[in-house]
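J.: Here full-length UniProt numbering is used: position 122 in the sequence shown is 122, and no number is missing along the way. Positions of the beta carbon are idealized from the N, C-alpha and C atoms, including for glycine.
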Amino acid sequence: MSPRNSLAEARRTRERIVQRSVDVASVEGLSGLTLGRLAGDLGMSKSGLLGHFGSKEALQLAALRQGAVIFDREVWRPAAGAAPGLPRLRAVCAAWISYLERGVFPGGCLFVSSTFEFDGRGGPVLALLRRQFRAWAGRLTGELRSAVARGELPPETDPEQLVFELYGVMMSLNHTLQLSADPAAVTRAERAVDRLLPQPAGGPSEKLA
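(1) Hey, could you find the ends of the alpha helix (DSSP H) T115 is sitting in?
(2) Can you tell me where the alpha helix (DSSP H) with residue 213 in it begins and where it stops?
(3) Along the alpha helix (DSSP H) that carries G138, what are the first and last residues, could you check?
(4) Can you find a heavy atom of the ligand MG that lies under 6 Å from the Cβ of L129?
(5) State the Cα-Cα distance for the pair P84 and S146, rounded to the nearest angstrom.
(6) Rounded to the nearest angstrom, what separates D194 and L166 at their Cα positions?
(7) Could you check the C-alpha separation between Q163 and D119 for me, to the nearest Å?
(8) Would you check if there are 3 or more beta carbon pairs closer than 8 Å linking the segment 13–28 to the segment 104–116?
(9) Report the CB separation of A79 from R73 in whole angstroms; it is logged as a contact under 8 Å.
(10) Which residue from V22, A149, E156 puts its Cα closest to that of L86?
(11) Which of the three DSSP states is assigned to residue 214 in this structure?
(12) By the three-class DSSP mapping on this structure, what secondary structure does V169 have?
Structure follows, in structure tokens:
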């Protein structure tokens with residue numbers, strides 16, 4: 001096998017490991033990522049896994065980074081083409097609700113479950129989670145400030161408070177879908193977003209979608 005083919009194969013193997021790690025972590029938590037478990041799932045040896053990830057912590061960090069790629073693909077990219085400000089925010093929230101409703105991660109939102117798992121532990125995993133949440137909150141806050149500047153939201157709007165409340169809606173939706181699979185949960189989340197982010201002037205009158 002040529003060096004180029006070897007590198008391509010190593011990259012594909014690493015991608016398989018990371019994707020399986022994301023799926024397992026969303027259901028069983030990041031602590032459930034053991035080399036033995038993953039080796040069995042993927043038909044690999046533990047030593048083979050160690051060749052790609054030298055520690056469990058490295059595997060956890062890789063799973064979170066891949067989770068962020070998936071979240072961006074599912075939630076931000078579908079909304080990125082909308083007009084800045086309120087239209088984009090509503091599009092983001094619609095995509096966010098859809099992401100949770102469709103169960104993109106088998107066990108619900110990877111970041112919500114990982115935060116509950118690591119919030120009292122400290123260390124590199126919690127530090128990465130904090131950076132990821134800050135980055136997402138910063139993106140939402142920027143769109144809210146744009147909406148205020150465009151006159152789409154009242155000038156006294158507190159963007160940080162609105163982000164806090166939007167997080168609450170989505171975490172509640174994730175919790176309700178995972179705990180009880182309540183079919184009304186999505187509609188409740190849509191109504192909550194409609195109260196927080198009213199339709200832009202002249203926009204369509206239908207519900208958030």
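T.: The short version:
(1) 110–118
(2) There is simply no residue 213 to check, as the chain begins at 1 and stops at 209 in what is shown.
(3) 123–149
(4) Of the ligands one can find in the structure shown there are none, so the ligand MG has no counterpart to examine.
(5) 7 Å
(6) 11 Å
(7) According to the sequence displayed, residue 163 carries Val and not Gln. Distance between the alpha carbons of V163 and D119 is about 20 Å.
(8) yes
(9) Not confirmed; about 12 Å, so no contact.
(10) A149
(11) In the structure as shown, the chain starts at 1 and stops at 209, and residue 214 therefore has no counterpart that could be examined.
(12) helix
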